[in-house]
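Residue numbers (our numbering), protein chains in the order written: chain A, 1 to 257; chain B, 258 to 514; chain C, 515 to 771; chain D, 772 to 1028.
From the three backbone atoms N, C-alpha and C, an ideal C-beta is built for every residue, glycine too.
These notes concern the structure reproduced below.
Protein chains: 4
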Amino acid sequence: MRIDLNCDCGESFGHWQIGDDPALLPHVTSANIACGGHAGDPSVMTTTVRLARQHGVVVGAHPGYPDLTGFGRRVLPMSGAEITATVLAQIGALYAVARSEQVELTHVKPHGALYTHAAATADVAEAIVRAIAAFSRDLILVGLAGSVLVEAGQAVGLTVAREAFADRAYEANGLLRARGLPGAVIEDDQQALMQALKIVMAGNVVTPEGVEVPIAADTLCVHGDTPNAARRAAFLRSGLQAAGVDVIPLDRIVHGA
Amino acid sequence: MRIDLNCDCGESFGHWQIGDDPALLPHVTSANIACGGHAGDPSVMTTTVRLARQHGVVVGAHPGYPDLTGFGRRVLPMSGAEITATVLAQIGALYAVARSEQVELTHVKPHGALYTHAAATADVAEAIVRAIAAFSRDLILVGLAGSVLVEAGQAVGLTVAREAFADRAYEANGLLRARGLPGAVIEDDQQALMQALKIVMAGNVVTPEGVEVPIAADTLCVHGDTPNAARRAAFLRSGLQAAGVDVIPLDRIVHGA
Amino acid sequence: MRIDLNCDCGESFGHWQIGDDPALLPHVTSANIACGGHAGDPSVMTTTVRLARQHGVVVGAHPGYPDLTGFGRRVLPMSGAEITATVLAQIGALYAVARSEQVELTHVKPHGALYTHAAATADVAEAIVRAIAAFSRDLILVGLAGSVLVEAGQAVGLTVAREAFADRAYEANGLLRARGLPGAVIEDDQQALMQALKIVMAGNVVTPEGVEVPIAADTLCVHGDTPNAARRAAFLRSGLQAAGVDVIPLDRIVHGA
Amino acid sequence: MRIDLNCDCGESFGHWQIGDDPALLPHVTSANIACGGHAGDPSVMTTTVRLARQHGVVVGAHPGYPDLTGFGRRVLPMSGAEITATVLAQIGALYAVARSEQVELTHVKPHGALYTHAAATADVAEAIVRAIAAFSRDLILVGLAGSVLVEAGQAVGLTVAREAFADRAYEANGLLRARGLPGAVIEDDQQALMQALKIVMAGNVVTPEGVEVPIAADTLCVHGDTPNAARRAAFLRSGLQAAGVDVIPLDRIVHGA
């Protein structure tokens, strides 16, 4: 039994800080770093890559809709070609910064509205997949387990990592309960750990209504912009390890170790 | 006798057009494509890379101060580390777009105020050089012939292409006469061709005051944002060729052909 | 018989130019000036206000979705409160610049996707109307004749100017034929003048299918970003005047002269 | 004895928060609200104006260099005309938002590098003053006590409020000790209160070297982006009031009450 713990990071911008990357990164095994589209700037990218390297955390690109004002949480009306172009430019920007720090990118995980939209919309998923495949077939695509994005990546032969959430409630159809709905977010650490263990060890989640839904996951997302994010991550990790789960980086999960 | 003709291009942004790249690119041998810092966006970058490929023109990155409002023509107060980070991110963005079009970058030429500032300021020059060297030592640095930027590149072992101008007057110290001063810009096509021929064949330019200044150049810049830019470029090229000069891409100039 | 001729202008940004305002403004009677949302910057706004004043053209704000990349031609997913806030900020920015040039704003005309979206969507229309009413009830709202936006303005007692188009084909329902459909844009000057005369003198337009649709208009839009925009405007104006139509500013139309 | 306490606020942007305006505003008497130049967006501006109104705090514009990336802390190479234009547009944006909340602007205080640069540079100071005078001579200009900006405002007859700092060390020439120098920032609450009392009651400050420097101040700045900013503000206010100082809004200070 094995799982990767990933977190979104490098989402500060100029003078504005968000999240506490130095506290969180020691507790995860892979880092999705913002690329200047929805957040991040070249200096923040540099700092964050260094921090990840220092903690032995593998680095991936976290491209989003190019929308600082909306923090990538709004679906912008962009064509597939425009999405491919911006995802390429964002991956490339992080690739270059990482390369200057002797770090190779392992993966790409879309951010926010781009992630959610691609999970359910084939042409958006394909636009993202086209960017990754054109840039490098060595990059692992991270997408919501069971989503259209994962399917689109597999369809063209990309290595795909399926993501699940310890702290979000699931619906019977295997998708996430929409934020805003009651019970959508699991606040309690114990309960989140329980869901994590169910996902990793039993391969399923239980909906708030008690329906058991099968789920196959390679990586669990740890949210960084909540209070106590670092404590939560540490708790999840030690809880998983105490149960005998190997917590190891994404690339070792999907390629075997 | 051989020379490269380069032009800045891909400097449109969203709905705003500047220059006439489709008319200009057939007449040059290398293209410096804006990377989203001072101009360009991922869609414009994609279109411009395709256009360059179609005309057999080699492609380089044209990073500038991240300043759309100022079109990269203002010196921003940035630290060396910030300049290195933005140059890396800009090179990477274009690299990824180009890669998706099966085009490899051959060179990097800083834009506008970054070019001019680096020509005379060692720490700015070194910040740019650090970015290029960290990204790829295969990239050729294009800088003003005789400038601090060229020296900084050579000092760390980068391959450097020295740029000269057919349509700008020179001072006795080998630098360009500042725009705004009388006679700084050579408007007449014949006169520009004459200066190009002197540079390439005799290795010198003559200042407006009649002083002959030695200059060693690998590439001539063709300005794209002037009216009749394409006609001027075609005139220069055919004039050079008629005089027996090989007009060939940058990489063949600096590496030998 | 009387009509206002309005044009969108001040849509350059930094170094990028669009339209030829100095050529166009002499031929219209009211100017809708971009406010930095979709286009324009404070310096362009200043220059454009001066130009309008010089030609005796009344000045209005032309707020759009805050989206330079998309030039305001994309519907952004914004709440009503966000739309109200950005429209207020954009009107205020132009108001201040105009005031420094001793020019009072007469009107507000939303731009691009904001105009079109508000023409058919009540909550978007109301968000715009709320901004205008909160800023000044002396401002005239310009909206598509027969649209939801015009109704929303009238519902709260704003003075409204109904806009029609000489160079766009209409559908039988009184709305514009979507760009992209065949025949949507009327290219021929004579035909455009004919439609302008029908609108002003007969109060109707004829669809491409020959259906006569009643239309009541206070102002005709002259597009500035087409080639020959100035010549077209001059032709329309002289044609209207030759037919005995008074071409006079918006405020004199809606308030009486 | 009387003094205004002012704070910079509304400096969040989109999803990024900075400062804790709801905690700070109850303890000050005037608020300088960012206008979208260096920070703030129309929605943040709206929220902040409401908050200030709710706490009976007078509202002023806080324009800065248009530089989100640099948070207005970098001097941009802008001409006087460009500074005037951006200051106008920023004041107007906040004016419109405030007006929609039935709040009138009382003052303008430049932000960051614009404030500091204008304190020492006549043409920058005059560019700002021109914007304010053109917009409304009822607006109070807030500038560093003893600075070129204050002089420039007085020279054209603007009402000026002179600002001093309780938590910054002064030099013998009456200017602030540069951040970064040792002792530049006064961290201790008691010591800051002591300096505030000296400024208000004795009309002087004592430099770290023990030199007594006369200073005439109408308002004290309370920094909002330090930890414990609200506690510090409350401590200063109650300390001043306990010493018999009236803490009242800017407009009542400069116009008499």
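Considered as a whole, the segment 262-307 of chain B harbours 287-291 as its complete beta strand (DSSP E) runs of no fewer than 3 residues, in chain order.
Look at the segment 990-1023 of chain D: it has no residue with a C-beta under 8 Å from a C-beta of chain B. Nearest to C/G574 by alpha-carbon distance, out of C/M592, C/T583, C/V601, is C/V601. Note on geometry: alpha-carbon atoms of D/G945 and D/E934 lie some 12 Å from one another. With three or more CB-CB distances shorter than 8 Å, the segment 519-532 of chain C counts as touching the segment 547-555 of chain C. Distances from the alpha-carbon of C/A706 to those of C/A675, C/L672, C/A743 put C/A743 closest. For D/G831, the beta-bridge partners assigned by DSSP are D/N803, D/H878.
Judged by their CB atoms, D/R870 and C/G606 are nearer to each other than the 9 Å cut-off. Look at D/V858 here: in three-state DSSP terms it is helix. The three-state secondary structure of A/E163, taken from DSSP, is strand. One finds nothing in chain D with a Cβ atom closer than 8 Å to the Cβ of C/I517; even the nearest lies about 30 Å away. For B/A296, the nearest CB of chain C lies under 9 Å from its own CB, placing it at the interface with that chain. Residues of chain B whose Cβ lies closer than 9 Å to the Cβ of A/P42 are, in chain order, P323, E339, T341, A342, T343, V344, L345, A346, Q347. Annotation: the continuous beta strand (DSSP E) that includes B/E469 extends over 469-471. Sequence-distant Cβ neighbours of D/Q966 in its own chain, meaning closer than 7 Å and more than five residues away, are A937, I957, V976.
Interface flag for D/V874 against chain C is unset, since no Cβ pair is found closer than 9 Å. One alpha carbon belongs to D/V820, the other to C/P580, and they sit about 21 Å apart. The beta carbons of A/S43 and B/E408 sit no closer together than 9 Å. Taking the Cα of D/D792 as reference, the smallest distance to any Cα among D/G995, D/Q873, D/Q1012 is reached at D/G995. Here B/I389 is near B/V365, since their CB atoms are less than 9 Å apart. D/R845 belongs to the set of residues whose beta carbon lies under 9 Å from a beta carbon in chain B. The closest CA to that of C/F649, considering only C/G533, C/Q604, C/L658, is found on C/Q604.
By the CB criterion at 9 Å, C/T721 and C/R693 fall outside the cutoff. When DSSP states are grouped into helix, strand and coil, B/Y427 belongs to the strand group. For B/R356, the chain A residues whose Cβ falls inside 9 Å of its Cβ are L88, G92, A134, F135, S136, in order along the chain.
At a cut-off of 9 Å between beta carbons, C/R567 makes no contact with chain D. A/T84 sits buried, since 16 or more C-beta atoms from the chains shown fall within 10 Å of its C-beta. In this model, B/F492 and B/D445 are separated by some 11 Å (Cα to Cα). In the structure shown, C/V759 falls within a coil segment according to DSSP collapsed to helix, strand and coil. When the beta-carbon positions are compared, C/G586 and C/H625 come within less than 9 Å of each other.
Against chain C, a Cβ distance below 8 Å from D/M816 picks out A599, A603. The C-beta of B/V468 has fewer than 16 other C-beta atoms within 10 Å across all chains shown, which makes the residue exposed. Chain order gives no chain D residues near A/T48, where near means a beta carbon separation below 8 Å; the closest approach is about 16 Å. A straight-line Cα-Cα distance of about 22 Å links D/T818 and D/P998. For A/L220, there is no enclosing alpha helix (DSSP H); the enclosing beta strand (DSSP E) covers residues 219-222.
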